[in-house]
Amino acid sequence: MSFSRRDFVKTSVLGAVAAGLGPSAEAAQNDNAQSGSYKRPIIICAHNGFNYLEDAFAFLKNGGDTLDAALRVVKGPEDDPNDTSVGLGGIPNEEGVVELDACCMHGPTRRAGSVGAVRNIKNVSMVSKAVFEHTGHVMLVGEGAERFAVDVGFPRENLLTDHSRKIWLLWKEYHSRDWWGPGLTDPHWQPPLDAPQQASPQKGEPQQPERGKPQSQLWRDRYRRLEEHAAALGIAEEDRAEAIHKVLFPPTGTIHCSALNEKGEISGCTTTSGLAFKLPGRCGDSPIIGAGCYTDQDVGSAGATGSGEENIKVAGAHTIVENMRHGMSPHEAGMDALQRIVRTYNGDMNRLRFVDMIYYVLRKDGAYAGVSLWEGYSAGHPHTIAVHDGSRRSEVATPLFKGFSQDFPPEPKVPEEIRKQYLK
Ligand code: ASP
Numbered sequence: 020m021s022f023s024r025r026d027f028v029k030t031s032v033l034g035a036v037a038a039g040l041g042p043s044a045e046a047a048q049n050d051n052a053q054s055g056s057y058k059r060p061i062i063i064c065a066h067n068g069f070n071y072l073e074d075a076f077a078f079l080k081n082g083g084d085t086l087d088a089a090l091r092v093v094k095g096p097e098d099d100p101n102d103t104s105v106g107l108g109g110i111p112n113e114e115g116v117v118e119l120d121a122c123c124m125h126g127p128t129r130r131a132g133s134v135g136a137v138r139n140i141k142n143v144s145m146v147s148k149a150v151f152e153h154t155g156h157v158m159l160v161g162e163g164a165e166r167f168a169v170d171v172g173f174p175r176e177n178l179l180t181d182h183s184r185k186i187w188l189l190w191k192e193y194h195s196r197d198w199w200g201p202g203l204t205d206p207h208w209q210p211p212l213d214a215p216q217q218a219s220p221q222k223g224e225p226q227q228p229e230r231g232k233p234q235s236q237l238w239r240d241r242y243r244r245l246e247e248h249a250a251a252l253g254i255a256e257e258d259r260a261e262a263i264h265k266v267l268f269p270p271t272g273t274i275h276c277s278a279l280n281e282k283g284e285i286s287g288c289t290t291t292s293g294l295a296f297k298l299p300g301r302c303g304d305s306p307i308i309g310a311g312c313y314t315d316q317d318v319g320s321a322g323a324t325g326s327g328e329e330n331i332k333v334a335g336a337h338t339i340v341e342n343m344r345h346g347m348s349p350h351e352a353g354m355d356a357l358q359r360i361v362r363t364y365n366g367d368m369n370r371l372r373f374v375d376m377i378y379y380v381l382r383k384d385g386a387y388a389g390v391s392l393w394e395g396y397s398a399g400h401p402h403t404i405a406v407h408d409g410s411r412r413s414e415v416a417t418p419l420f421k422g423f424s425q426d427f428p429p430e431p432k433v434p435e436e437i438r439k440q441y442l443k
């Protein structure tokens with residue numbers, strides 16, 4: 020897998036954003052609402068739900084409830100210890116504790132449930148459903164949510180796998196990356212000195228990347244030290260590159276799923292372990308009804324994976340559903356939400372390149388779209404959504420910007436020779 024910092028290309032779409040225009044005609048071609056070739060039932064989800072779609076689709080087709088179908092999909096990654104972004108085996112917070120977030124909405128009964136910062140319970144998506152089944156509340160967090168889950172029958176278990184524990188230990192020993200300090204939104208934030216400088220779209224064409232002083236030696240020393248630490252911690256040689264990358268650039272990762280049956284009933288859910296090494300108690304967008312997930316039986320359903328903090332500020336999923344209510348296609352609705360993220364930073368590409376977002380959008384008639392801020396994380400690894408409407412497939416999400424998002428936190432560029440050597 021390539022973990023390179025990203026080449027960066029400004030597109031005609033970006034030009035449209037800068038000019039305050041809607042989605043480009045080029046991008047709109049991927050909108051299945053225009054072709055009219057869509058069907059029910061249908062399930063759409065993040066790429067990591069792909070393997071669980073057959074079972075959930077059969078369940079839905081045989082009359083199963085739409086939310087239960089979506090929960091079947093997301094339970095797969097929650098149960099999988101090798102998926103380090105969700106449920107069991109999630110990368111822990113800065114104290115080495117796995118904390119999970121989830122929410123769901125059941126369209127037919129218009130109910131919603133949510134849990135945030137839950138420890139020791141694997142299937143938090145199902146706990147979020149239990150919140151509306153067993154209480155008059157919508158959202159429970161922390162210790163109270165954990166106790167509630169146990170009370171209604173979920174087992175307490177250790178969610179920290181040996182694999183994730185070692186990555187956390189490596190991060191801890193390395194200890195130069197955390198989430199303290201001013202973020203991207205700070206007015207005085209500066210990009211790293213030798214990172215490529217990107218002109219804001221209002222100022223015309225992007226500048227060429229400024230080739231700062233090569234930091235080869237610094238990076239080489241850094242990787243050597245991390246490799247030694249990783250070996251001392253017993254991280255298998257073949258896992259070291261992945262572990263080092265996660266330490267240097269704490270990953271996110273999540274699953275959203277929306278399901279629509281033949282009758283037009285629709286539901287959605289989102290579940291995650293959130294941002295790696297986050298501050299204890301940090302909740303991203305995934306447990307926020309209206310940000311990580313929103314479903315309205317009259318309109319459709321939407322969900323998100325990506326930079327949670329950014330998505331909360333634009334209430335992404337709710338914005339998308341409201342956009343569809345007012346006549347936008349799934350594609351247009353998602354693109355508009357992405358443009359609101361661009362607006363958060365006034366189109367400042369020096370900041371936006373550190374942000375990424377994928378929206379999964381499903382309209383009540385079966386029209387759907389997957390849209391993303393960037394093409395993916397690196398060449399050859401585009402953002403995709405998984406779809407099942409009788410045939411199961413992966414589809415590339417339509418990006419607002421051409422090019423790839425850049426790992427966060429902002430870092431001087433990893434020199435190419437180091438990248439090739441260590442981050443294969
Ligand atoms: N949105 C999630 C969060 O911020 C992470 C992700 O989707 O990758 O917690």
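In terms of my numbering, the sequence shown is residues 20 to 443.
Glycine included, C-beta positions come from ideal geometry on N, C-alpha and C.
Everything numeric in this text was worked out from a predicted model, so none of it was measured.
- Query: The alpha helix (DSSP H) with G335 in it runs from where to where?
  - Reply: G335 to R344
- Task: Compute the Euclidean distance between the alpha carbons of E118 and K185, then round it to the nearest angstrom.
- Result: 17 Å
- A398 - DSSP class collapsed to helix/strand/coil: coil
- Item | Whole-angstrom distance between Q425 and A214, CA atom to CA atom | Its pLDDT being 47, under 50, A214 is placed unreliably by the model, and the measurement read from it follows with that caveat. Computed Cα separation, rounded: 10 Å.
- Going by Cα to Cα distance, which pick from E351, S277 and L245 is closest to F76? S277
- Query: So which of M124, C122, K265 and N177 has the shortest CA-CA distance to K191?
  - Reply: K265
- Task: With a threshold of 7 Å, establish whether the CB of T363 neighbours any heavy atom of the ligand ASP.
- Result: no
- Task: Look at K148 and L178 and say whether their C-beta atoms are less than 8 Å apart.
- Result: no
- Query: By how many angstroms is the C-alpha of F423 removed from the C-alpha of S7?
  - Reply: Any question about residue 7 goes unanswered here, given that the chain covers just 20 to 443.
- Within the chosen definition, does the stretch 344-363 reach the stretch 150-159 through at least 3 CB pairs nearer than 8 Å? no
- Query: In its own chain, which residues sit with a C-beta less than 6 Å from the C-beta of H66, not counting the 5 before and 5 after it?
  - Reply: T403 and A405
- For Y71 versus G95, is the C-beta distance shorter than 8 Å? yes
- Message: Give the list of continuous beta strand (DSSP E) stretches no shorter than 3 residues that lie fully inside the stretch 116-199.
- Response: 119-125, 130-137 and 158-160
- Item | Three or more C-beta pairs below 8 Å linking the stretch 299-309 and the stretch 280-287 | no
- Task: Please look up how many angstroms separate the CB atoms of T314 and M124, rounded, as I've assumed it's under 8 Å.
- Result: 4 Å
- Message: Using the Cβ count rule (16 or more neighbours within 10 Å means buried), how would you classify R372?
- Response: buried
- Relative to the alpha-carbon of F167, which residue among P206, H400, V150 and H182 has its alpha-carbon at the smallest distance? V150
- Task: Determine the burial state of G399: buried for a count of at least 16 other Cβ atoms within 10 Å of its Cβ, exposed for fewer.
- Result: exposed
- Task: Would you mind stating whether I61 and V92 have Cβ atoms separated by less than 8 Å?
- Result: no
- Task: Hey, could you find the ends of the beta strand (DSSP E) V406 is sitting in?
- Result: T403 to H407
- Message: Give me, in chain order, the residues of the same chain whose beta-carbon lies closer than 6 Å to that of S320; leave out the 5 immediate sequence neighbours on both sides.
- Response: S277, I285, G287, T314 and L381
- Item | CB contact flag (T291, S104, <8 Å) | yes
- Beta-carbon proximity check, L392 vs M368, cutoff 8 Å: no
- So, is P206 buried or exposed, given that buried needs 16 or more other C-beta atoms within 10 angstroms? exposed
- With a cut-off of 8 Å on the beta carbons, I'd call S183 and G109 a contact; round off their distance for me. 7 Å
- Item | For M347, the three-state DSSP class (helix, strand or coil) | coil
- Tell me whether T204 sits in a helix, a strand or coil according to DSSP, three-state version. coil
- State yes or no: is the C-beta of G109 nearer than 7 Å to some heavy atom of the ligand ASP? no
- Could you please give me the residues that DSSP links to I254 through a beta bridge? Note: I254 sits in no beta bridge, so no partner.
- Task: Could you check the C-alpha separation between D99 and F69 for me, to the nearest Å?
- Result: 13 Å
- Message: Going by DSSP in three states, D84 sits in which element: helix, strand or coil?
- Response: coil
- Task: Determine the burial state of R244: buried for a count of at least 16 other Cβ atoms within 10 Å of its Cβ, exposed for fewer.
- Result: exposed
- Item | Where the beta strand (DSSP E) through R412 begins and ends | R411 to V415
- Message: Check for me: the alpha helix (DSSP H) holding R59 runs from which residue to which?
- Response: R59 -> no alpha helix (DSSP H), and no H or E assigned at all.
- Return yes when at least one heavy atom of the ligand ASP lies under 7 Å from the C-beta of G287, else no. no
- Message: Suppose contacts are defined by Cβ-Cβ distances below 8 Å. Is C302 in contact with A136 by that definition?
- Response: yes
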